[in-house]
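>
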Amino acid sequence: MSSVRGPNSALTEFLRSQGINAGEIRDRWERRQRGVDPRTEDGSENRPEAVATLDGGADPEVEAIALAAARKSRADAEDYEQEGTTKCVYCGSRFTITVYSKQVDDGFACLSCAARSKPAKPKKTATAAARKKRKKTAESLLEQQNRAVPSLQDLCISCVADYIDDVDELGDLSSQNFIKISAILSRNRKLTARTCQLFFRPEATTLELWDCSELPCESFNLIPALCPNLKRLVLGMCGQLNNENLKRISELQSLEEIVLDGAFLIRKEAWIEFFETIGSQLKKLTIKSVYRVDVEVLAMLVEMCSSLESLTLVRLSQLCDTTPFYLLGNLAQLKHLELIELEPEALDDNCMLNTLNMVGSQLESLTVSTANLTDKFIDAVAATCGSLTSLELINLSAVTEEAVTNMFESWSERSTPGLQTLSLQRCIALGDKVIEAFLKHSRTTLVDLNVNSLRLLSGKSINSFASLPNLTKLDVGFVGSVEPQHIYKLATSRSLKLVLAFGNIRLSDMPLPTNLTVVGTM
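Counting along the sequence shown from 1, when you hit position 410 you're at 410 in full-length UniProt numbering, and nothing is skipped either side.
(1) Got a sec, what are the start and stop residues for the beta strand (DSSP E) residue 95 sits in?
(2) Does residue 277 come out as helix, strand or coil in the three-state DSSP assignment?
(3) Under 9 Å between the Cβ atoms of residue 294 and residue 333?
(4) Based on the DSSP output, what are the partners of residue 103 in its beta bridges?
(5) Grab me the residues of residue 369's own chain with a C-beta within less than 6 Å of its C-beta, minus the 5 sequence neighbours each way, in chain order.
(6) Beta-carbon separation of residue 258 and residue 249 under 9 Å?
(7) Which term fits residue 493, buried or exposed, when burial requires 16 or more other beta carbons within 10 angstroms of its beta carbon?
(8) What first and last residue would you give for the alpha helix (DSSP H) that runs through residue 405?
(9) Only counting the same chain, and skipping five residues up and downstream in sequence, which positions put a Cβ closer than 6 Å to that of residue 51?
(10) As a quick exercise: from 343, 198, 193, pick the residue whose alpha carbon is nearest that of residue 216.
(11) For residue 268, which three-state DSSP category applies?
(12) Cα separation between residue 116 and residue 100?
(13) Going along the chain, which residues of its own chain have a beta-carbon closer than 6 Å to the beta-carbon of residue 212, five neighbours each way excluded?
(14) Where do the N-terminal and C-terminal ends of the beta strand (DSSP E) with residue 232 fall, by residue?
(15) Buried or exposed: residue 538, going by 16 or more other Cβ atoms within 10 Å of its Cβ?
(16) Find the nearest neighbour of residue 89 within the set 372, 114, 98, judged by alpha-carbon distance.
(17) Kindly indicate which three-state DSSP category residue 45 falls into: helix, strand or coil?
(18) So the beta strand (DSSP E) residue 284 belongs to, where does it begin and stop?
(19) Is residue 532 near residue 231, with beta carbons less than 9 Å apart?
(20) Just to confirm before moving on: does the CB-CB distance between residue 491 and residue 513 stay below 9 Å?
(21) Kindly indicate which three-state DSSP category residue 521 falls into: helix, strand or coil?
(22) Please identify the residue among 365, 501, 67 whose C-alpha is closest to the C-alpha of residue 311.
(23) Tell me whether residue 24 is buried or exposed, calling it buried when 16 or more other Cβ atoms sit within 10 Å of its Cβ.
(24) Could you have a look at residue 246 and say whether DSSP puts it in helix, strand or coil?
(25) Tell me residue 257's beta-bridge partners as DSSP assigns them.
(26) So the alpha helix (DSSP H) residue 184 belongs to, where does it begin and stop?
(27) Rounded to whole angstroms, what's the CA-CA distance from residue 400 to residue 379? Just pull it up for me.
(28) Can you give the beta carbon distance from residue 532 to residue 424, rounded, assuming they're within the 8 Å contact cut?
(29) For residue 17, report the span of its alpha helix (DSSP H) as first-last.
(30) Are the beta-carbon atoms belonging to residue 387 and residue 361 less than 9 Å from one another?
(31) Can the beta-carbon of residue 200 be found less than 9 Å from the beta-carbon of residue 181?
(32) Could you give the distance in angstroms between the alpha-carbon of residue 501 and the alpha-carbon of residue 422?
(33) Between which residues of its own chain and residue 152 is the CB-CB distance below 7 Å, once the five residues before and five after are set aside?
(34) For the alpha helix (DSSP H) containing residue 218, list its first residue and its last residue.
(35) Between which two residues does the beta strand (DSSP E) carrying residue 172 extend?
(36) In terms of alpha-carbon separation, which member of 367, 372, 356, 358 lies closest to residue 347?
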């Protein structure tokens, strides 16, 4: 029969049977409040147990739980004091062991003794200098610069660029040195509204500002006012160039060449007005990364810029129709044509065939980057472009090896001038036959060769590049057949200075030849 009676719960009855009494707990708490140690008040650690009634409104269950928690806390503290502390082997002081305590042969050392016994850190001067040297070497390689000792003039130019914020006037420098300083500032993102004015000179005929991202529109208005005799103007990343700025630039009476990169604020009407005003005097025109150049603007360009000798169009997303490209053949004096990363619908074989039939015979350089062109375009190049010195076919994945081989063979039969620059980048269907054909045609003239991503090339073709007498730059990136022995073979070339070899895992950790700069090995 259960002994639980009245309002007492089962837990209260259980605690009472274990000698846990709520009255005793209350008495101990009152003595603590008075500052009396319950263990020493009556000369014994524990008072005699007595049965007390649960009066005064106290909850016996809560008091019992509090007592159990207090006992456990005291026990844990005693265990921690015994097990978590030790004496320092050096000074003998007692301290708590933590994960940061230093362990020695005879035990543990306290924090202060461990700090005194810690060995001095080695000097990092040599390590930092070596790291800095490696960084500068990597930067020069990526920028394709010679790592030879720089000239005094180049050192002075670099010093001026480093402290450009303290310069009030550049003084009497040559035009080439102005261009060098401007390029350094653009690379370091230091071309601002103040520093750009250092290049505004009345006698200047060339102004190159490759990073105009920090220039406000007011700075662009100063160009025609302070540089009225400009013949060549380069504005890169000119995202803040507006319609009014372009109108002011069109007032330059001597301007013959202009490069505009990222001028996305210029509206269609402003482009048309610009070509109407200044188009007849332009000889070289480059437009990159512009949204509002559409079919109507390109038609006006062809109509008004009749004296153009060089035309470069890059990433013009609004040109989604082949119609205006049929008009490019009307540029009767065109010698250099670059159509790069245009929309797939903008170019096809027919419009390029029409253009090449009209101006192909006078072209000296041709660069095309689109996946829509096929062997029909290659046949047109072979038939009409007999005066080329530079040919760049990029990402023409639809052309076949047979068509390109036939093009070089036909040029060899007609004894056309050899190419100085050739790029077959990402023309993935091309292989060794093409290499044999163009080497037969352009072996003695080729200076710059790009066969990036031609995965069908064999090691034999790579070795054959070492026999080119005038080759100075070679890109064999992502050509899987390239191995260390091929790089050493290329190093025997007397003219070759730079090899780009990105993406070739077989070249990892290979010792590089000292007489050849190889960029891209891991």
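For glycine and all other residues, C-beta sits at the position ideal for the given N, C-alpha and C.
On the basis of the supplied data:
(1) The residue labelled residue 95 in the question sits at position 95 within the sequence shown. Residue 95 -> beta strand (DSSP E) spans 94-96.
(2) Here residue 277 refers to the residue found at position 277 of the sequence shown. Here residue 277 sits in helix by DSSP.
(3) Mapped onto the sequence shown, residue 294 falls at position 294. Mapped onto the sequence shown, residue 333 falls at position 333. Contact: no.
(4) Here the question's residue 103 lines up with position 103 in the sequence shown. Answer is 108.
(5) Counting from 1 along the sequence shown, the entry for residue 369 is found at position 369. Excluding sequence neighbours, residue 369 sits near 340, 341, 394, 395.
(6) Taking the first residue of the sequence shown as 1, we reach residue 258 at position 258. Taking the first residue of the sequence shown as 1, we reach residue 249 at position 249. Yes. Within cutoff.
(7) Counting from 1 along the sequence shown, the entry for residue 493 is found at position 493. Counting Cβ neighbours within 10 Å, residue 493 comes out buried, since at least 16 surround it.
(8) Locating residue 405 in the sequence shown gives position 405, counting from the first residue. Taken as a continuous stretch (DSSP letters only), the alpha helix (DSSP H) holding residue 405 covers 401-414.
(9) In the sequence shown, the residue the question calls residue 51 occupies position 51. With a pLDDT of only 41 at residue 51, under 50, the local geometry of the prediction cannot be trusted, and no value is derived from it.
(10) The count along the sequence shown starts at 1 and reaches residue 216 at position 216. Answer by Cα proximity: 193.
(11) Sequence index remark: in the sequence shown, residue 268 carries index 268 (1-based). In this structure, residue 268 counts as helix in the three-state DSSP scheme.
(12) The count along the sequence shown starts at 1 and reaches residue 116 at position 116. The count along the sequence shown starts at 1 and reaches residue 100 at position 100. Their backbone Cα atoms lie some 15 Å apart in a straight line.
(13) Locating residue 212 in the sequence shown gives position 212, counting from the first residue. Cβ within range, chain order: 235, 237, 238.
(14) Taking the first residue of the sequence shown as 1, we reach residue 232 at position 232. 232-235 is the span of the beta strand (DSSP E), which, as asked, contains residue 232.
(15) Since the first residue shown for the chain is 1 and the last is 522, residue 538 is missing from the structure and cannot be characterised.
(16) Position 89 of the sequence shown, counting from 1, holds the residue named residue 89. Looking at the Cα atoms, 114 is the closest of the given residues.
(17) Within the sequence shown, the letter at position 45 stands for residue 45. In this predicted model, residue 45 has a pLDDT of only 45, less than 50, meaning its place in the structure is not dependable; the value taken from the coordinates is given anyway. Coil.
(18) Residue mapping note: residue 284 aligns to position 284 of the sequence shown, counting from 1. That run of the beta strand (DSSP E) goes 284-288.
(19) The chain is shown only over 1 to 522; residue 532 falls outside these bounds and no answer can be derived.
(20) What you label residue 491 is simply residue 491 of the sequence shown in a count that begins at 1. What you label residue 513 is simply residue 513 of the sequence shown in a count that begins at 1. Against a cut-off of 9 Å, the Cβ pair of residue 513 and residue 491 comes out as a contact.
(21) As a working note, residue 521 is residue 521 in the sequence shown. Note: residue 521 maps to coil in three-state DSSP.
(22) Position 311 of the sequence shown, counted from the first residue, corresponds to residue 311. Checked all of 365, 501, 67; the closest Cα to residue 311 is 365.
(23) Counting from one through the sequence shown, the residue named residue 24 turns up at place 24. The residue is buried, with at least 16 neighbouring Cβ atoms inside 10 Å.
(24) Indexing the sequence shown from 1 puts residue 246 at position 246. DSSP places residue 246 in helix when its eight states are reduced to three.
(25) Here residue 257 refers to the residue found at position 257 when the sequence shown is read from its first residue. DSSP, once it has assigned bridges, lists 232, 284 as partnering residue 257.
(26) Mapped onto the sequence shown, residue 184 falls at position 184. 175-187 is the extent of the alpha helix (DSSP H) around residue 184.
(27) Here residue 400 is taken as the residue at index 400 of the sequence shown, counted from 1. Here residue 379 is taken as the residue at index 379 of the sequence shown, counted from 1. So the alpha carbons of these two residues sit roughly 11 Å apart.
(28) Examination of residue 532 is not possible in this model, given that the chain is present from 1 through 522 alone.
(29) Here residue 17 refers to the residue found at position 17 when the sequence shown is read from its first residue. Element bounds for residue 17: 10-17.
(30) Here residue 387 refers to the residue found at position 387 when the sequence shown is read from its first residue. Here residue 361 refers to the residue found at position 361 when the sequence shown is read from its first residue. Yes, Cβ-Cβ distance for residue 387 and residue 361 is below 9 Å.
(31) In the sequence shown, the residue the question calls residue 200 occupies position 200. In the sequence shown, the residue the question calls residue 181 occupies position 181. The answer is no: Cβ separation not under 9 Å.
(32) Indexing the sequence shown from 1 puts residue 501 at position 501. Indexing the sequence shown from 1 puts residue 422 at position 422. If I take the Cα positions, the gap works out to 17 Å.
(33) As a first step, residue 152 is located in the sequence shown; it is residue number 152 there, counting from the start. Hits under 7 Å: none found.
(34) Taking the sequence shown and counting its residues from 1, the one referred to as residue 218 is at position 218. First-last of the alpha helix (DSSP H) with residue 218: 217-226.
(35) Looking up residue 172 in the sequence shown gives position 172. Where residue 172 is concerned, there is no enclosing beta strand (DSSP E), given that its DSSP letter is neither H nor E.
(36) Here residue 347 corresponds to residue number 347 of the sequence shown, with the count starting at 1. With distances taken between Cα atoms, residue 347 lies closest to 372.
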